[in-house]
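Residue numbers (our numbering): 6 to 71. Worksheet: one structure, shown below.
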Amino acid sequence: MSIDTERDIEANLQIGPTTSGMVRLFVVGDGFEVPMDFDPDEAEEIAEEIRAAAARARAMAQKSRR
């Protein structure tokens with residue numbers, strides 16, 4: 006499986022600060038919870054990766070519409 010493989014799994018994503026100064030990504034689905042804590046610098050790097058992926062996805066969608 007890869008990141009491009011579709012799956013029939015539903016999950017919710019919550020993002021917020023922790024009381025210890027970390028940024029938590031909390032993924033909750035049917036029967037599972039995945040808390041992932043990152044220091045603020047790591048969280049900003051992840052945010053940049055998400056923005057870059059969104060830009061690439063947008064460009065791919067525009068190409069497929071042509």
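Cβ atoms here follow ideal geometry from the backbone N, Cα and C, with glycine treated the same way. Computed from a predicted model, the values in this text were never measured in an experiment.
Exposure of residue i, with buried meaning 16 or more beta-carbon neighbours within 10 Å
{"i": "V32", "result": "exposed"}
Closest Cα partner of residue i within the set the options
{"i": "P40", "options": "D46, A16, E11", "result": "A16"}
{"i": "I20", "options": "I8, A59, P45", "result": "P45"}
{"i": "I14", "options": "M27, P22, L30, F37", "result": "F37"}
{"i": "V28", "options": "A62, I51, R71", "result": "I51"}
Short CB-CB distance (under 8 Å) between residue i and chain B
{"i": "R56", "result": "Absent from the structure: chain B. Only one protein chain is present."}
Expected contact under 8 Å - CB spacing of residue i and residue j to nearest Å
{"i": "A23", "j": "D42", "result": "According to the sequence displayed, residue 23 carries Thr and not Ala. Yes, T23 and D42 are in contact; Cβ-Cβ is about 6 Å, under 8 Å."}
query: Which runs of the beta strand (DSSP E), 3 residues or longer, sit entirely within the region 6-61?
result: As far as the region 6-61 is concerned, its whole beta strand (DSSP E) runs of at least 3 residues are 16-22, 28-34, 37-43.
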